[in-house]
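I have placed the structure first, in the form of structure tokens, so that the comments after it can refer back to it.
Here it is, written out as structure tokens:
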């Protein structure tokens with residue numbers, strides 16, 4: 002394939018919206034939008050003046066690439082509904098194997114932007130690492146060139162590597178968000194403003210990324226092996242068994258890491 | 002007490018350094034520095050032209066307040082070594098009860114700046130919430146006025162409330178750092194740059210604090226109850242039992258929260 006210049010996007014959720022907007026900012030016009038959701042689909046299509054359909058059978062066969070921007074669990078079904086064509090069929094999922102497409106579409110691949118997308122939040126695409134995979138090496142150059150429109154951080158990774166990447170993001174983002182949710186519960190039960198923790202959290206994140214490894218800047222009672230404070234905290238959480246369980250489990254994990262790293 | 006204008010700092014670690022530097026930036030000169038550590042103590046004293054001693058018996062009895070900036074577990078011993086005087090004796094620990102001082106010093110209190118201090122990192126004190134406690138209500142005004150030198154965010158909290166605050170900070174910071182450490186392990190074992198996650202983590206933190214509650218912006222396979230992906234991730238982590246355990250435990254916690262919040 003020479004160049005990806007005509008693309009169709011399937012889906013109208015967070016990933017589709019952010020992808021279309023990111024491309025529009027770079028003066029790249031998406032050629033077709035297909036989404037089952039009539040409301041969000043039409044709205045998105047109108048906003049960016051993209052021809053829209055709710056039916057995959059309307060997919061324009063002259064497309065160079067088709068981006069499947071849907072939930073992971075919809076991919077197996079959707080892959081079968083995309084008409085067979087000469088285009089490159091791509092999914093955008095971190096933890097879905099290329100195989101979900103490879104048995105069906107002769108040219109397929111993965112375009113996984115590692116980011117947490119919200120339709121209403123502007124993404125700085127130039128900061129987003131994009132991980133690619135193709136079943137035909139000859140598609141790599143065109144997919145890579147297309148991806149560089151959005152970000153300088155473009156990497157090829159196979160499905161297994163990409164899944165481990167996705168797991169890293171689960172730890173760094175989903176689990177971090179859980180930690181903040183627990184902290185918010187505690188602050189609120191104390192009639193305190195959760196936002197008073199914001200500065201502290203930002204500093205923590207900066208320190209972790211400035212360090213050679215986050216272990217090197219771990220602080221708190223667990224890494225100090227301060228058993229007295231740990232026991233006090235455990236007791237103080239007795240009315241919140243859920244938080245108490247997480248506290249005990251993660252404190253133990255920190256102590257174990259500290260012991261191993263010694 | 003009318004005003005806290007002459008203070009002594011005991012200790013020469015991260016908290017002592019950041020406190021002295023913060024006050025110096027506001028043209029408040031610390032009157033005496035006492036630290037057992039001769040190297041860091043002398044260095045800090047010279048840098049800010051503060052009279053220094055390694056012996057608590059040299060504590061100047063004309064001080065208005067004495068700030069004990071030492072590790073939590075040293076406080077019980079240290080409290081007994083501080084000569085009895087007319088000054089207000091304060092500790093700076095989040096999880097230590099005021100009682101550690103109250104039986105010994107007639108005027109005592111707590112000055113707890115909720116922050117992660119590193120001697121080499123410049124702190125923006127105006128962003129640091131400071132939590133205070135006194136055993137005599139008549140000391141509250143002077144302690145509060147002194148604290149306002151450093152930050153507009155000054156609150157009075159009793160020892161139990163302050164401990165719950167400290168626990169919130171353990172979740173928001175120490176445990177978040179652990180999540181980043183796990184992510185760094187995974188990225189490195191994948192020969193990938195941990196810093197590629199930085200933008201994603203910052204966005205996650207911003208989203209959590211912009212939301213009414215972090216639960217409202219939780220993403221990932223656990224909150225979607227995507228059992229297929231969770232199982233794939235579990236298998237993929239089989240060579241890292243430690244990470245696998247944390248992954249399973251926290252995914253379950255997210256699923257439970259999501260169920261409760263429904």
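Protein chains in written order, with our numbering: chain A, 2 to 263; chain B, 2 to 263.
For every residue, glycine included, the Cβ atom is placed at its ideal position computed from N, Cα and C.
Since the structure is predicted, the reported quantities are computational estimates derived from the model, not experimental observations.
At a cut-off of 8 angstroms between C-beta atoms, residue 105/A does not count as an interface residue with respect to chain B. Under the 8 angstroms criterion on CB atoms, residue 71/B is classed as non-interfacial with respect to chain A.
Within the DSSP bridge table, the entry for residue 253/A names no partner. Contact with chain A is found for residue 162/B, since one of that chain's Cβ atoms lies less than 8 angstroms from the residue's Cβ. Residue nearest to residue 32/A within the set 151/A, 166/A, 3/A, 68/A is 68/A (criterion: CA-CA distance).
The shortest C-alpha to C-alpha distance from residue 189/A to any of 179/B, 202/B, 213/B is the one to 213/B. With respect to residue 143/B, residue 5/B sits close: the two C-beta atoms are nearer than 8 angstroms.
DSSP places residue 86/A outside any beta strand (DSSP E), giving it a letter other than H or E. Annotation: the continuous alpha helix (DSSP H) that includes residue 101/A extends over 100-103. Residue 150/A is positioned such that its CB atom lies no closer than 8 angstroms to that of residue 158/A. An exposed status is given to residue 228/A, since fewer than 16 other beta-carbon atoms sit within 10 Å of its beta-carbon. Closer than 8 angstroms to the CB of residue 74/B there is at least one CB belonging to chain A.
Taking a cut-off of 8 angstroms for Cβ pairs, the region 170-179 of chain A and the region 218-233 of chain B touch, as three or more such pairs fall below it.
Using a CB distance cut-off of 8 angstroms, residue 233/B counts as an interface residue toward chain A. Fewer than three beta-carbon pairs drawn from the region 244-254 of chain A and the region 12-28 of chain B are found closer than 8 angstroms, and the two stretches are therefore not classed as touching.
Contact check for residue 136/A and residue 104/A: beta-carbon distance about 10 angstroms, past the 8 angstroms limit, so the pair fails to qualify.
At a C-beta separation below 9 angstroms, residue 214/A has these neighbours in chain B: 182, 185, 186, 189, 195. Taking a cut-off of 8 angstroms on C-beta distances, the region 120-130 of chain A does not touch the region 172-187 of chain A, as fewer than three cross pairs fall below it. Proximity of chain B to residue 230/A at the Cβ level (cut-off 7 angstroms) is accounted for by 73, 96, in chain order. Residue 70/A sits close to residue 10/A, with the two beta carbons spaced by under 8 angstroms. The region 95-140 of chain B contains, as complete beta strand (DSSP E) runs of 3+ residues, the segments 109-114, 131-135 (chain order). When secondary structure is reduced to three states using DSSP, residue 49/A falls in the coil class, being assigned neither helix nor strand.
With respect to chain B, the C-beta atom of residue 165/A has a partner C-beta closer than 8 angstroms.
Residues 34, 53 of the same chain have their beta carbon placed closer than 6 angstroms to that of residue 46/B, with the five preceding and five following residues left out of the count.
A Cβ-Cβ contact shorter than 8 angstroms links residue 200/A with residue 129/B. By the Cβ rule, the region 48-66 of chain B counts as touching the region 75-93 of chain B, because three or more pairs are nearer than 8 angstroms. Closest by C-alpha distance to residue 89/A, out of 138/A, 50/A, 49/A, is 138/A. Residues of the region 108-128 of chain B whose Cβ lies closer than 8 angstroms to any Cβ of chain A, in chain order: 115, 116, 117, 119, 122, 125, 128. Counting only residues of its own chain and dropping the five nearest sequence neighbours on each side, residue 141/A has a CB closer than 6 angstroms to the CB of 135.
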